[in-house]
C-alpha cells in the first residue's frame, strides 16, 4: 500500500520513507523538475541511467518532504555538505536526515534535533560474507555470525553490517573510523533496540539500532539517539 508523506515531524519522532526504484518503469528525468541546477548537473555525471535514477528520485523525495514540512520551494532548499561529507539543510540544522539506497530500493530517515543514520542493503547481492566479516566485525560479532546455520548466516551478516553502516552514517565518520572499533550488540527479547560501544564515538552508549520492516530481500537498519525514538513512523511511498 502506498502512503502519503506526513504533514510534519515533531521532536522525539523518527520518520522513515521507503520506496522502490525501477529503471524499467521510471526515468531519472521524471524527477528532475524538483531539483536545482547543481543537482541536475550532478545527476548528469552518472554514467548509467539506473544510477541517475537513484540519485534524482532520492533527492526529489527528500526535497518534496522538506518542502512540505518547511513550506519552502523544493529548488530553494539549500542542501549542503558538512566537513565530514554528511548532507544537511543549511539554515535549518535541527532538521536531520539521511539517505540510503541499494539496487531497486531506498530509504530516507528524518529526525528533528537529533542526528540520524540509515542503511539499506539487498541481502541477495554478491558478497563474500566471510571475507568482509574478517575485515569489519569484532570477535564477538564473528562468533554470532558463525553460530548461525548456513541458511541464516547471510541474514545475520547483513543485520550486523547495516547496523555498523547506520552508526557510521549517523555520526558522519564514514570511512574515517575502522568498523572493528565499533562493538554492536543485537536487540534481544529483553532489550528493544540494539546498542553500540565505541570509545571513538562520543556518547556511543546513547545510540540505538532499530531494524525497520521492509519487503524481502531488503534490510533496513536505523541508528538514532535513544531520546529521538519516542515514535517511529515508517511509510512506503
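In this note's numbering, the protein residues as written are 20 to 256. Cβ atoms here follow ideal geometry from the backbone N, Cα and C, with glycine treated the same way.
Straight through space, the alpha carbons of residue 117 and residue 189 are spaced by roughly 8 Å.
Counted as a single uninterrupted DSSP element, the stretch harbouring residue 85 is not any beta strand (DSSP E) but the alpha helix (DSSP H) occupying residues 68-89. Contact between the segment 236-247 and the segment 167-187 is present: three or more C-beta pairs spanning the two stretches fall below 8 Å.
In the structure shown, residue 133 adopts coil according to DSSP, grouped into three states.
Between the alpha carbons of residue 26 and residue 159 lies a distance of about 43 Å.
Of the candidates 256, 113, 98, the residue whose Cα lies closest to the Cα of residue 247 is 113. DSSP places residue 48 within a helical segment (H, G or I) once states are collapsed to three. Taken in chain order, the unbroken stretches of alpha helix (DSSP H) that lie wholly in the segment 147-222 and span 4 residues or more are 148-155, 158-165, 169-190.
Going by DSSP, residue 62 is part of the alpha helix (DSSP H) stretching over 56-63.
Residue nearest to residue 41 within the set 122, 129, 208 is 122 (criterion: CA-CA distance). Its Cα nearest to that of residue 52, the residue 62 stands out among 62, 43, 170. The DSSP-derived three-state label of residue 37 is strand. Across the set 125, 120, 129, 153, the C-alpha of 129 shows the shortest separation from the C-alpha of residue 108. Excluding residues up to 5 positions away in sequence, 32 lie with their Cβ nearer than 6 Å to the Cβ of residue 250 in the same chain. In the same chain as residue 143, and ignoring 5 residues on each side of it, the C-beta atoms closer than 8 Å to its own belong to 236, in chain order. Bridge partners of residue 126 according to DSSP: 37, 119. Residue 240 carries a strand assignment under DSSP once its states are collapsed to helix, strand and coil.
DSSP places residue 32 within a strand segment (E or B) once states are collapsed to three.
When C-alpha distances from residue 245 are compared across 255, 223, 234, the shortest belongs to 223. For residue 245, the three-state secondary structure derived from DSSP is helix.
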